[in-house]
Each structure stands twice: as structure tokens, then as C-alpha cells.
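Asker:
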Amino acid sequence: MKAGDLNGSVVVSPLRDKPVNIGLDAWFSKVERTANLNPRSSEHRFELNGKAALRVRYLNSAAGGTEMEAVYVVAGSRSFSIEFRGRSAP
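In the numbering used here, the protein residues as written are 497 to 586.
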């Protein structure tokens with residue numbers, strides 16, 4: 497597949513702030529289950545520019561097995577999602 501074969505989008509959205517009394521692991525667990533209700537196919541914790549991040553791939557079987565990827569980032573108490581959606585060009 498060539499780079500020009502994909503059509504898609506990237507969306508950055510603020511999420512609820514992480515409560516002070518919830519640990520990072522518990523917060524990521526809650527966010528990945530509530531921000532996207534599709535079944536998760538994989539997840540990976542990493543740092544993005546020094547900030548805690550979690551990459552999650554979701555599988556939407558109702559849409560023909562379409563995969564979506566979201567990266568959840570926590571910066572202090574602020575939380576964000578970076579979502580990638582794409583489809584092959586006809």
C-alpha cells in the first residue's frame with residue numbers, strides 16, 4: 497500500500513481532567529473503556545514527548561472490521577485523545 501492509498505483523519509480532543517485521587521493506570525483503564533465503546537484489539541503504554549500515553553487499537557466489527565487507533569495522553573491533570581481513522585481508497 498502506498499502513502500497516497502489511504503484517506504482518513506486525525507482528531508485531537510480534550511477529555512475530562514484526571515481526578516487527583518485516581519492513579520494513572522486506573523485513569524487510562526477508565527478512559528480506554530469509555531472514550532470508545534468498540535472492542536479493543538491491542539494497547540501499548542509509552543511516553544509522548546515526556547507525557548504518559550496509551551495507544552489503543554479498536555475493532556469495529558459492525559463496520560466490516562474497521563480498525564481505529566487512539567492515543568490517550570495525560571499532561572498534569574489534563575487528558576487528551578488523538579484519534580486516527582482511515583480507509584483504503586477505492
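Yeah, the Cβ is synthetic: ideal placement off N, Cα and C, and Gly gets one too.
If you're wondering where the values come from, they're calculated on a predicted model, not measured in any experiment.
1) Hey, could you find the ends of the beta strand (DSSP E) R541 is sitting in?
2) Buried or exposed, going by whether 16 or more other CB atoms sit within 10 Å of the CB of V569?
3) Count the other CB atoms, across all protein chains shown, that sit within 10 Å of the CB of A585; report buried if there are 16 or more and exposed otherwise.
4) Counting along the chain, where does the beta strand (DSSP E) carrying A549 start and finish?
5) Are there 16 or more other CB atoms within 10 angstroms of the CB of V508, so buried, or fewer, so exposed?
Answerer: Well, looking at it:
1) Your numbering for residue 541 matches position 45 in the sequence shown. First-last of the beta strand (DSSP E) with R541: 536-544.
2) Here the question's residue 569 lines up with position 73 in the sequence shown. Flag for V569 reads buried.
3) Reading the sequence shown from its first residue, position 89 is the one you call residue 585. Here A585 scores only 47 on pLDDT, less than 50, and its place in the model should not be relied on; the value that follows carries that caveat. So A585 ends up on the exposed side.
4) Here residue 549 refers to the residue found at position 53 when the sequence shown is read from its first residue. Looking at the DSSP string, the run of the beta strand (DSSP E) that includes A549 is 547-556.
5) Sequence index remark: in the sequence shown, residue 508 carries index 12 (1-based). That one is exposed.
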